[in-house]
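What follows is a short report on a single structure.
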Amino acid sequence: MTDVHAIKPHLSREHLLDLLREMVRIRRFEEKCAELYQQEKIRGFLHLYIGEEAVAVGAMRALEPGDAVVATYREHGHALARGVSMDAIMAEMYGKIEGCSRGRGGSMHLFDAATRFYGGNAIVGGGLPVAVGLGLAEKMQNRSGLAACFFGEGAVAEGEFHESLNLSELWKLPVLFLCENNLYAMGTRLERSESQPDIHVKAQSYNVPAEVVDGMDVVAVEAATRKAVAAIRSGSGPVLLECRTYRFRAHSMFDPQLYRDKAEVEEWRRRDPIDRLISWTRQSGALHDADLAAIEAAVVKEVDRSVEFSESGKWEKLETLTADVYAGEVPP
Amino acid sequence: MTTLPQQSQEISYREAVREAIREAMVGDPRVFLMGEDVGRYGGCYAVTKGLLDEFGPERIRDTPLSESAFVGAGIGAALGGMRPIVEVMTVNFSLLALDQIVNNAATLRHMSGGQFEVPLVIRMATGAGRQLAAQHSHSLEGWYAHIPGIKVLAPATLEDARFMLAAALADPNPVLIFEHVMLYNMTGTLADAGPVDIRSAKVRRSGRDVTLIAYGGTLFKTLAAAEMLAKEGIEAEVIDLRVLRPLDTGTILASVRRTRRAVIVDEGWRSGSLSAEVSARIAEGAFWDLDAPVERVCSAEVPIPYPRHLEEAALPQPPGIAAAAKATLGR
Chain P
1 MTDVHAIKPH LSREHLLDLL REMVRIRRFE EKCAELYQQE KIRGFLHLYI
51 GEEAVAVGAM RALEPGDAVV ATYREHGHAL ARGVSMDAIM AEMYGKIEGC
101 SRGRGGSMHL FDAATRFYGG NAIVGGGLPV AVGLGLAEKM QNRSGLAACF
151 FGEGAVAEGE FHESLNLSEL WKLPVLFLCE NNLYAMGTRL ERSESQPDIH
201 VKAQSYNVPA EVVDGMDVVA VEAATRKAVA AIRSGSGPVL LECRTYRFRA
251 HSMFDPQLYR DKAEVEEWRR RDPIDRLISW TRQSGALHDA DLAAIEAAVV
301 KEVDRSVEFS ESGKWEKLET LTADVYAGEV PP
Chain V
1001 MTTLPQQSQE ISYREAVREA IREAMVGDPR VFLMGEDVGR YGGCYAVTKG
1051 LLDEFGPERI RDTPLSESAF VGAGIGAALG GMRPIVEVMT VNFSLLALDQ
1101 IVNNAATLRH MSGGQFEVPL VIRMATGAGR QLAAQHSHSL EGWYAHIPGI
1151 KVLAPATLED ARFMLAAALA DPNPVLIFEH VMLYNMTGTL ADAGPVDIRS
1201 AKVRRSGRDV TLIAYGGTLF KTLAAAEMLA KEGIEAEVID LRVLRPLDTG
1251 TILASVRRTR RAVIVDEGWR SGSLSAEVSA RIAEGAFWDL DAPVERVCSA
1301 EVPIPYPRHL EEAALPQPPG IAAAAKATLG R
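Okay, here's the thing in structure tokens:
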């Protein structure tokens, strides 16, 4: 018999407040990042996750510390929800050595061995085969972990998506494919790039069990992920969840958003996952105004502290420019 | 179970690679092999024949024709604590896995600030000479040698075929091993059956008049050229690069400073080739010691054609190598 508690999220007040707190952390962190980008404290590409927080937070709550996580270049939210410290993430955005990748990666390449967070992959679709291998390693070493792989719907057009689904199902590997379908691959809407826009249907054609999830509902994401995780841990092979979501901000900081209507953005904003959880928990009596104020205050403090931490961080010395290319000294 | 060939026994290059894989599988439960047709078929070049029976399908894994997925899976498995040997049937097919090799295997250590490493070995066949035409005759190891973060090996001798793999698996970095297709049938006895390093180039023939620098499939053509030169009283030194990244510049320069002349033999195309890199290093490090311009013998800049006479003409051959050596001597 399956343990019901392993599958159903605990909808205690404490748990709901935790989900809310995590989503607010991501939202406020990224708003600060956008601000710091304008100030040129953060450079390079910056892809904000605002609007999609429910997916990372809901899914991550259903994972265990021993599981491996692979994410995309829009991964600040995943790193935060996985438990990578905000200080280390912000310092990475600054490019300082206190960053979670020692400043070598930046926004798109957040890594953390302690939480088995394997990045930060900026080649669309490139993380999927790696997740398959992480799942293979779990299976071959008889460990109970799984590999959770986040990717956008744009990755579905890549061959690596199809190869990875096929291989993981063929070998019955413990891999959770979490498709964050935010409708746009940069500026290309799903219907303009896919002959079959229903992604879960594609997964089913590889015999991978798949389900569509409301990606704007953190509780729904957590519930679906718990169910998928239980199935995967039972040894039945991979599962795909298509989380339908929306990014409220531009693709990156260079995107004038010519490809979508303001009305569409507004419509999705009305389904804001944070507002939604707030209004639901308020109605049910789980959330009081004081709770929300306390969460916001604590998060602002945490974000401000991460900025201070990063400002006072150090730059890598030029003498160590070529460190960590190889293990040990390898002359070019 | 077959027994390991003894030192004095005749062994082929193919068998030497197989024994290397067997030894690694026996010695470390984390080692496994995956690739196209490595199991039931026995390997496209019969390298892995018999291994499925001995080790079973969990450790000898036949993959679908999904180069990107199974090379990427090798990277993931290495990250997850395994020691995978991935066989990509030929370098030509490795182009379908370039994203994983260049964007992931080579970068993960650095991008993660040294937190993660990818102890992965990728083996593949390379080179021309079997009339397999333009899409199955590439020598692209020089391309891979361009990439920081990976090591690139080219075992030419039976000893290197037999013992480089162990060194590659012991190395915490991703290592690519290029096995030239024309070497698989080469037989001989293992001269020195012990561990080899994957750092240094080796002098395969000593000589004082000119340094011939080769690797992989061109090593024996170059040694044949040295024989031709000897008949004309020219003593050529032959260096086997063995390791294409990192390059053992020291061994190259030490030889060239003595002979004062250099010829680089490379089955890759001349433009932007590994031979260009070696030539540049000689110019940078031994310019004032040179008595003649550096010569290069490379493949003709043409997709490798099918007919035998055209294929032979497109590839470096002993007479051309000998002629280039003589040119450095003004003969």
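One line per chain: the protein sequences are P and V, in this order.
So the first sequence is numbered by this note's numbering: it starts at 1 and just counts up by one.
So the second sequence is numbered by this note's numbering: it starts at 1001 and just counts up by one.
Quick reminder that beta carbons are idealized off the backbone N, C-alpha and C, glycines included.
Between LEU241 of chain P and LEU165 of chain P, the C-beta gap is not smaller than 8 Å, which leaves the two residues out of contact. When the five nearest sequence neighbours on each side are left out, the beta carbons in the same chain lying within less than 8 Å of the beta carbon of PRO1305 of chain V are those of ALA1133, ALA1134, GLU1311 and ALA1314, in order along the chain. For ASN1092 of chain V, none of the residues of chain P pass the 8 Å Cβ criterion, the least Cβ distance being about 17 Å.
With fewer than 16 other CB atoms across the displayed protein chains lying within 10 angstroms of its CB, LYS317 of chain P is exposed. In the three-state DSSP reduction, LEU165 of chain P falls in the helix class (H, G or I). For ASP291 of chain P, the enclosing alpha helix (DSSP H) begins and ends at 289-311. Closer than 9 Å at the C-beta level to chain V, one finds these residues of the segment 318-330 of chain P: THR322, ALA323, ASP324, VAL325, TYR326, ALA327, GLY328 and VAL330. With contacts defined as CB atoms closer than 8 Å, PHE1070 of chain V and MET1034 of chain V qualify as a contacting pair. Annotation: ASP255 of chain P is outside any alpha helix (DSSP H) and is labelled neither H nor E by DSSP.
Here VAL1181 of chain V is near GLY1129 of chain V, since their CB atoms are less than 8 Å apart. Excluding the 5 residues flanking it on each side, ILE1234 of chain V has same chain C-beta neighbours closer than 6 Å at ASP1209, in chain order.
At a cut-off of 8 Å between beta carbons, SER101 of chain P contacts chain V. In the structure shown, the three-state DSSP call for MET23 of chain P is helix. Annotation: the segment 1111-1158 of chain V contains the following complete segments of the alpha helix (DSSP H) (minimum length 4 residues), in chain order: 1141-1144. Three or more beta-carbon pairs separated by less than 8 Å are not found between the segment 181-192 of chain P and the segment 19-28 of chain P, which leaves the two stretches without contact. Considering only beta carbons, the part of the segment 167-194 of chain P lying closer than 9 Å to chain V consists of LEU167, SER168, LEU170, TRP171 and LEU173, in chain order.
When CB distances to chain P are screened at a threshold of 7 Å, the residues of the segment 1089-1122 of chain V falling below it are ASP1099, GLN1100, ASN1103, ASN1104, ARG1109, HIS1110, MET1111, SER1112, GLY1113, GLY1114, GLN1115, PHE1116 and GLU1117, in chain order. In the displayed model, ASP324 of chain P falls within coil according to three-state DSSP, outside both helix and strand. Under the three-state reduction of DSSP, ASN1092 of chain V is assigned to helix.
Put simply, of P:LYS202, P:SER85, P:GLY51 and P:SER252 the residue whose alpha carbon is nearest the alpha carbon of PHE117 of chain P is P:SER85.
Bridge pairing for ASN121 of chain P: P:THR72 [DSSP]. Around the Cβ of PRO1319 of chain V, a 10 Å sphere holds fewer than 16 other Cβ atoms; the residue is exposed.
Per DSSP, reduced to three states, the secondary structure at SER1299 of chain V is strand. Residue nearest to GLY106 of chain P within the set P:PHE150, P:GLY95 and P:ARG249 is P:GLY95 (criterion: CA-CA distance). Between ALA113 of chain P and GLY313 of chain P the beta-carbon gap is near 19 Å, outside 8 Å, which marks them as no contact.
When DSSP reads this structure, VAL1278 of chain V sits in no beta bridge, so it has no partner.
For PRO1084 of chain V, the pairing in a beta bridge is given by DSSP as V:PHE1032.
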